[in-house]
Amino acid sequence: MTPSPVTIWIVEDRDTLREAYTAVIENAEGLACGGAFRTCEDMLDALEAHEAPDVVLMDIELPGMSGIEGVRKIREARPETDVLMLTIREDRENVFQALCAGAAGYVVKPASARGILTAIDGLLEGEVPMSPSIARRVLKIFRGLRTPRRDYGLSKREREVLEQLVQAKSTPEIARTLFISEHTVGNHVRNIYRKLEVHTRAGVVAKAV
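Pasting the structure below:
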């Protein structure tokens, strides 16, 4: 039996970009574009009437409701849906607000078709997709904190793993960097989730910064 495709919705006010993203999704194996919207309001209306998508690709600067507020609304209504931000803005405040609102990843436009699909694949694998420039910015924020907002009771090794998570590293990458097994990385990540009281890598990043 053929597995159901991963359903993607797109929220982008620029017609050319919205159409381009739709084409990328429709031409990708295992993905399906279930809806493309110009505003958050249109998307939220559809969310009330239809089955929730697996992933929403969301611009930040939209007419009417902002993408960041849209993320909050989606997370409140359909917490099972992941939101990947697609935006030209990579300043500290927007990155921080998007992650705190519940965004699962952050990719800078214009992103190539491969970049978008790689970000979606990473998201589905439980990673926190970020453009390299965004990952560096988040890491700078993290390293710039003199003291954490809370200690959370993390061990030295857990803090090392946490720093790797903030850099959007995958489990294999963390294992290679810290010279530990992927199984051990998984154990540390689960402990970090429990201590920070979060359930996703994006939640970890939001609390860390």
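For the sequence shown, our numbering assigns the number 848 to the initial residue and increments by one for each residue that follows.
For glycine and all other residues, C-beta sits at the position ideal for the given N, C-alpha and C.
Only counting the same chain, and skipping five residues up and downstream in sequence, which positions put a Cβ closer than 8 Å to that of residue i?
| i | result |
| --- | --- |
| Glu-972 | Ser-1017 |
| Val-853 | Gly-877, Leu-878, Ala-879, Asp-901, Val-902, Ile-967 and Leu-971 |
| Thr-994 | The pLDDT assigned to Thr-994 is 45, lower than 50, so where the model puts this residue is not dependable, and the model offers no usable value. |
| Pro-1019 | Glu-1029 |
| Ser-959 | none |
| Glu-1007 | Leu-1025 |
CB-CB under 6 Å to residue i, same chain, minus the five flanking residues each way: which ones, in chain order?
| i | result |
| --- | --- |
| Leu-992 | Unreliable positioning characterises Leu-992 in this predicted model, as indicated by a pLDDT of 49, which lies under 50. The coordinate reading is nonetheless provided below. If we look at Leu-992 and ignore the five residues flanking it on each side, it has no Cβ neighbours. |
| Ala-899 | Arg-925 and Thr-928 |
| Arg-861 | none |
| Gly-969 | Pro-976 |
| Gly-882 | Trp-856 and Ala-893 |
What span of residues does the beta strand (DSSP E) with residue i cover, start to end?
| i | result |
| --- | --- |
| Gly-881 | 878-884 |
| Met-932 | 929-934 |
| Val-858 | 853-858 |
Considering just the uninterrupted stretch of the alpha helix (DSSP H) at residue i, what are its terminal residues?
| i | result |
| --- | --- |
| Tyr-1040 | 1029-1043 |
| Leu-891 | 887-896 |
| Tyr-868 | 862-873 |
| Gly-952 | Careful: Gly-952 lies outside any alpha helix (DSSP H), inside the beta strand (DSSP E) at 952-955. |
| Val-918 | 914-924 |
| Ile-907 | Unbroken run through Ile-907: none, as it is neither H nor E. |
If you compare alpha carbons, which of the options is closest to residue i?
| i | options | result |
| --- | --- | --- |
| Arg-1004 | Met-977, Cys-887, Arg-1037 and Asp-860 | Arg-1037 |
| Asp-906 | Asn-874, Ala-896, His-897 and Gly-952 | Gly-952 |
| Ile-963 | Ile-855, Asp-889 and Ile-1027 | Ile-855 |
| Leu-933 | Ser-851, Glu-1010, Val-1051 and Val-858 | Val-858 |
| Ile-935 | Glu-1010, Leu-864 and Phe-884 | Leu-864 |
| Leu-904 | Gly-911, Cys-887, Met-912 and Cys-947 | Cys-887 |
Please work out which residues of its chain come closer than 7 Å, Cβ to Cβ, to residue i, disregarding the five sequence neighbours upstream and downstream, and give them in chain order.
| i | result |
| --- | --- |
| Thr-965 | none |
| Tyr-999 | Lys-1042 and Leu-1043 |
Is there a C-beta anywhere in chain B that falls below 8 Å from the one on residue i?
| i | result |
| --- | --- |
| Gly-973 | Looking for chain B here will not work: only one protein chain is present. |
*asked:* Under 8 Å, with one C-beta from each stretch per pair, do the region 907-926 and the region 861-869 reach the 3-pair mark?
replied: no
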